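Going down the list, the protein sequences come from chains R and D.
Number 319 in my numbering belongs to position 319 of the first sequence; there are no gaps in the numbering.
Number 671 in my numbering belongs to position 75 of the second sequence; there are no gaps in the numbering.
Note sheet for the following structure.
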Amino acid sequence: MTRLAVPLLGVLLSTVSLAPVAFAQSGPGGRALAPGVKVEVAPAPGSGTAPQPGKVDETALRYYARIGDVERLEAEIARLRALDPTWEPPKDLFAPQPTTAGVDESPFWALVSAGKIAEARAAVAEQRRQTPSWQPSANLLKELDLAEAAGRLRGASDTKRWQDVIDAAAAQPEAVACNRLDNAWRLAEAYAELKQTDRAFDTYKTIVSQCPSAKERRDTIFKASRHLSQAQIRELTALGATANPAAGEDYAAVRAAEAEIETGRLLERAGTARPGSLSASDLAQLERTIREKQDSGGALALGWYFQRQKKYAEAQGWFAEANGWSPSDQAAEGLILAYAGLGRKAEARAAAEPWRGKSSRVDQALKSVDPPRGGGGRPAGPQGPSELDQALARRDFAGCLTAIQRAISRSGPTVALVQQRGWCLLELKRPSEAEAAFVEAQALAAREPVRGQGAARNSVRGAAEAEGGMTRAQENAYGQAIARLSTGDTVGLTQDLARLNLTPAQKAEVRASLLSTEAGRALEDKRYHDVLRLLDARKELVPEPRNLGIMRGWALYNLQRVEEAYKLFKSIDDRLSTRESREAVETSWKTIYHDW
Amino acid sequence: MSGVSRFLRLSVLATALLTAGCGGWVRDNLTQSTTPWRRVQPTALPVSLPDNPQFPIVAARMRSTGAVYKSYSVVLGNPTALPGENRLTVDVQTLPDSLFGALVQPARVFPVPLYTLESLTRTLAAEFPDMTATVADAARRNRYGDYDYAIAQDEENTCVLAWQLITDRARMLPERIEAVRLEYRACGTSRNPRVLLQPFDGLVLILPETVLEADGLSGL
């Protein structure tokens with residue numbers, strides 16, 4: 001986020017409790033900036049009835065210039081210009097200033113800039129005690145008032161005292177402005193939480209029409225989507241994309257926000273997988289958006305939506321799209337199961353080929369194509385999908401358990417059946433029983449050659465050989481390791497890992513999982529150096545997923561390496577913006593610029 | 597001169613002693629944290645369950661939080677095809693054994709009250725998805741007093757969730773123990789929830805010091 005300090009615009013919150021409209025330009029003759037947005041003009045507190053040309057207070061400006069805080073300097077220049085359009089920044093802004101008689105306010109500004117408002121107040125009071133004739137500048141006092149009001153507003157918001165949020169904003173309208181956008185969002189949220197949706201809507205409208213940054217307008221629309229109806233979001237988007245365009249800002253992203261929100265809502269509903277949970281028009285819209293954006297994640301979600309409804313052809317189509325746009329083992333898994341549902345086993349095997357032996361989810365999905373057979377005595381030749389095939393294709397793991405139980409009752413346990421039971425138990429979040437099943441399968445494997453298997457089966461896949469180039473023993477060991485990971489047995493598993501009979505790829509996968517679990521624990525324990533150490537070790541084995549990237553960012557943040565944290569959060573957010581990544585970016589940005 | 601020199605030497609020595617190890621200092625924030633789960637044998641559990649072929653002990657684990665809490669999780673067999681493990685969890689809260697321990701205690705590992713209507717609703721929805729759950733109107737009683745429970749059912753299965761907090765330090769608990777929290781979750785194919793509750797009704801706590809049974813106190 002190249003978030004330059006937003007010009008202050010003279011945008012004020014005026015008469016919050018009286019008018020539903022929050023912001024106003026404080027420049028002379030403020031104007032209604034968009035249809036339906038009423039603007040009330042209120043002078044900035046401390047600025048008198050009207051700003052007098054040539055009388056702006058440049059104290060803060062010179063302070064920011066002296067310390068080289070360009071972001072705040074730009075914001076202050078914009079603020080002063082809004083107060084007095086004829087004002088120009090002094091040419092000697094960066095020249096050393098002669099020491100003037102009287103009190104140097106720099107130390108107070110330094111405290112304000114660091115967010116140490118109480119200390120700044122105390123320092124001002126102490127200075128006044130020492131120099132009774134000295135009066136702090138109006139600008140300094142105003143900054144202190146604003147910072148305190150913003151603190152009250154945030155405190156009320158954090159503790160969900162919504163009416164107090166509104167009261168705090170009403171008491172200090174300047175605390176709610178484009179360069180304090182978080183406060184404006186909190187005010188809108190307070191209205192929404194108090195069911196004053198109209199006022200929330202008005203506040204959001206004012207933000208997207210007055211604040212020039214396209215990114216902030218877009219973020220505002222996303223925030224508003226939690227509280228507003230679809231029609232209101234549409235209106236907000238139209239307003240944000242057109243009202244008061246600022247030079248150099250591209251509002252295309254604002255225009256796209258509504259579609260993104262709607263796609264998100266529809267995908268969420270698709271996730272419920274109830275037949276008919278999406279209307280035909282919703283579905284058509286969703287499909288169109290996903291195709292336009294070539295959104296592989298959306299295609300996967302749609303694939304599962306159809307797969308759960310046993311519409312295997314549609315599911316196969318969407319999994320194929322996802323795989324085409326961005327090949328992944330998740331897309332391959334869906335393709336395999338969809339083909340299995342259609343009875344097209346050769347194509348399912350072909351879809352699995354690039355991932356066979358490299359992805360446990362693909363190896364598992366393949367079992368719906370070549371499932372373990374009970375007893376090994378089934379005749380070879382054409383046959384329809386078995387009860388177990390069908391359950392696995394539906395991802396019906398309770399059905400899987402039932403089918404295996406029936407098969408075992410019919411013809412006794414086999415290694416493959418008991419292993420499959422272990423995988424289904426894992427899916428049902430019963431890891432302890434899953435581990436026991438893999439242990440049982442291991443014991444059976446030791447006996448199986450003695451018991452003998454059907455010649456046909458052995459000729460195809462031998463008792464010792466499983467899919468993906470791993471042996472039965474390795475699959476059992478792998479299943480046990482995954483089950484132990486699920487039960488939280490990280491210490492025991494770490495100790496045993498070297499001895500386990502796993503393929504190198506499995507060993508790396510298990511070790512990576514152990515390291516990420518340990519990193520999570522280290523973060524909880526506030527051992528931030530350990531978090532980085534563990535994540536670094538993990539990164540040498542496998543690429544870092546975004547959730548661990550965010551974990552790394554918080555570790556950096558807590559180690560006061562805030563700039564690094566911000567860059568990391570920003571790069572994650574730029575790739576795929578989620579609430580979590582947006583909050584991380586926002587928090588680190590505010591910490592860097594003391595914009596709390 | 598020699599006095600000054602000695603003073604300087606002593607100062608340097610004192611500074612060195614005071615700052616020794618500063619480079620390796622870390623904030624001691626781990627004494628209150630929760631350890632990872634580790635496996636234990638069923639015989640090491642502070643509880644014994646009546647034999648029940650439907651609900652055999654599949655695995656047992658324990659972890660501690662600070663020096664005050666020890667938590668045990670006993671995974672029981674689940675004869676249904678429903679998701680989720682059948683289990684008994686036991687949290688034992690002991691009194692701190694030092695002044696420091698009394699001053700710096702970890703956050704409680706279980707809430708009190710154990711459930712509110714809202715948290716119970718959330719828990720039941722998470723434990724028994726797609727089942728109809730009802731909270732029993734009347735408490736039941738085991739060896740350690742009254743406990744509350746809820747029942748969830750679908751067409752084929754019945755599940756129970758029971759919870760109990762033992763805090764009677766005056767009569768039941770040994771002086772070292774502040775409280776014991778029990779929670780039991782079981783799904784089975786029986787339609788009768790009492791059958792599912794039998795293990796919870798018959799459990800016996802085995803702490804180093806004797807926990808007296810509630811019914812044994814009625815005549816006192």
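Quick reminder that beta carbons are idealized off the backbone N, C-alpha and C, glycines included.
Keep in mind it's a predicted model, so treat the numbers as computed, not measured.
Q.
Tell me the DSSP secondary structure of C424(R) in three-state form.
A. helix
**Q.** Cβ neighbour criterion (16 or more within 10 Å) applied to Q419(R)
**A.** buried
**Q.** Amino acids of chain R, ordered along the chain, whose beta-carbon sits closer than 9 Å to that of G798(D)
**A.** Within 9 Å Cβ-Cβ: nothing; G798(D) doesn't reach chain R, min ~22 Å.
**Q.** 8 Å Cβ cut-off: residues of chain R touching N674(D)
**A.** R430 and E433
Q) In chain order, what residues of the same chain lie with their CB nearer than 7 Å to the CB of Q749(D), ignoring the 5 residues before and after it? A) M727 and T728
**Q.** As assigned by DSSP and simplified to three states, the class of Y593(R)
**A.** coil
Q) What three-state label does DSSP hand A59(R) in the structure shown? A) Correcting the residue identity first, residue 59(R) is Thr in this sequence and not Ala. In this structure, T59(R) counts as helix in the three-state DSSP scheme.
Q) Are L757(D) and Y743(D) closer than 8 Å when you measure CB to CB? A) no
Q) Can you give the Cα-Cα distance for G673(D) and L337(R), rounded to whole angstroms? A) 30 Å
Q | Closer than 8 Å at the beta carbon, the chain R residues around L634(D) | A | Strictly speaking, residue 634(D) in this sequence is Arg, with Leu absent from that position. Result: D489, V491 and G492.
Q: Could you confirm whether any beta carbon from chain R is found closer than 8 Å to the beta carbon of G662(D)?
A: no
Q. Does the distance from the C-beta atom of K223(R) to that of W185(R) stay below 8 Å?
A. yes
Q) Which chain R residues sit within Cβ distance under 8 Å of V708(D)? A) Neighbours of V708(D) on chain R: none; closest Cβ ~22 Å, over 8 Å.
Q | Test item: CB-CB of V778(D) and V688(D) under 8 Å | A | It is worth fixing the name first, because residue 778(D) is Leu in this sequence and not Val. No, Cβ-Cβ distance for L778(D) and V688(D) is not below 8 Å.
Q: Drop a sphere of 10 angstroms on the beta-carbon of V70(R), count the other beta-carbons inside from all chains shown, and report buried for 16 or more, exposed for fewer.
A: exposed
Q. In its own chain, which residues sit with a C-beta less than 6 Å from the C-beta of T730(D), not counting the 5 before and 5 after it?
A. I747
Q. In whole angstroms, what is the alpha-carbon distance linking L366(R) and R344(R)?
A. 12 Å
(Q) Which residue marks the beginning of the beta strand (DSSP E) containing V731(D), and which one marks its end? (A) T728 to V731
Q: Please confirm if the stretch 495–508 of chain R is in contact with the stretch 437–444 of chain R, defined as three or more CB-CB distances below 8 Å between the two stretches.
A: no
Q.
Among the candidates L801(D), R787(D), A782(D) and E774(D), whose CA atom is the shortest distance from the CA of Y665(D)?
A. E774(D)
Q: Give the residues of chain D in contact with A398(R), contact being defined as C-beta atoms less than 9 Å apart.
A: T676, A677, L678 and P679
Q) Any idea which residues DSSP pairs W759(D) with across the strands? A) D744(D) and E779(D)
Q.
Just checking: is the beta-carbon of D612(R) within a distance shorter than 8 Å of some beta-carbon in chain D?
A. Absent from the structure is residue 612(R), since the part of chain R shown begins at 1 and ends at 596.
(Q) Can you list, in chain order, the residues of its chain with a C-beta nearer than 6 Å to that of E809(D)? Leave out the 5 residues immediately preceding and following it. (A) R739
**Q.** Positions along the stretch 161–182 of chain R whose CB lies within less than 7 Å of some CB in chain D
**A.** none
Q. How many angstroms separate the CA atom of E805(D) from the CA atom of R704(D)?
A. 22 Å
Q. With 16 other CB atoms within 10 Å as the buried threshold, where does E518(R) fall?
A. buried
Q: For V643(D), write down the residues that DSSP places opposite it in a beta bridge.
A: L801(D)
Q: Count the other C-beta atoms from every protein chain shown that fall within 10 angstroms of the C-beta of E174(R), then say buried if there are 16 or more, exposed otherwise.
A: buried
Q | Delimiting residues of the beta strand (DSSP E) encompassing L228(R) | A | First-last for L228(R): undefined, no H or E at that position.
Q | Contact list for L300(R) against chain D, beta-carbon separation under 7 Å | A | Correct list: empty, because the minimum Cβ distance to chain D is about 22 Å.
Q: Name, going along the chain, the residues of the stretch 55–71 of chain R whose beta-carbon falls closer than 9 Å to a beta-carbon of chain D.
A: none
Q: Report all residues from its chain with a CB closer than 7 Å to the CB of H594(R); omit the five preceding and five following residues, and keep chain order.
A: S113, A114 and G115
Q. For the candidate residues P504(R), A505(R) and A481(R), whose alpha-carbon lies nearest to that of T494(R)?
A. A481(R)
Q: Output the distance between the C-alpha atoms of D530(R) and R582(R), rounded to the nearest integer angstrom.
A: 25 Å
Q: Measure the C-alpha to C-alpha separation of G454(R) and T414(R) and round it to an integer number of angstroms.
A: In this prediction, G454(R) has a pLDDT of 40, which is less than 50 and means its spatial position is unreliable; what the coordinates show is noted afterwards. Approximately 12 Å between the Cα atoms of the pair.
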